[in-house]
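Reviewing the structure listed below.
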């Protein structure tokens, strides 16, 4: 299944996802590699992103647990992807209209 453009754009904003269409499996593999890199070199930034994107602390703790079924970077990549999918769906469900008034803010 190909990832929709809006979800890919949300991921691209925070993780420098390369341009072009990807399957869900390809994106998850790419994102897991990026998360692994961030875990080694920029863990504080990664945790800040998790907080900003409103990932569940409980779910993050589960995927980072030594007894988690998947490697930590893969589990965290899956959580990030699923959260961005939910955000994209919400944004599609509640479209915003541009303000026409010059004094509006």
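Numbering (the working numbering), first residue to last: 1 to 105. Here a beta-carbon is modelled for each residue, glycine too, at the ideal position from N, C-alpha and C.
Enclosing alpha helix (DSSP H) for residue 5 [first to last residue]: Per DSSP, residue 5 is one residue of the alpha helix (DSSP H) stretching across 5-15.
Please state the DSSP three-state secondary structure of residue 52. The answer is helix: DSSP assigns residue 52 an H, G or I state.
Which word fits residue 64, buried or exposed, when buried means at least 16 other C-beta atoms lie within 10 angstroms of its C-beta? With fewer than 16 Cβ atoms within 10 Å of its Cβ, residue 64 is classed as exposed.
Determine the contact status of residue 42 and residue 15, defining contact as a CB-CB distance below 7 Å. No; because the gap between Cβ atoms is not below 7 Å, this pair is not in contact.
Whose C-beta lies closer than 8 Å to the C-beta of residue 83 among residues of the same chain, with five residues either side of it excluded? Around residue 83, the same chain offers 53, 54, 55 as residues with beta carbons nearer than 8 Å, after the five sequence neighbours per side are excluded.
Selection from 1, 94, 73 that minimises the alpha carbon distance to residue 47: For residue 47, the nearest C-alpha among the options comes from 73.
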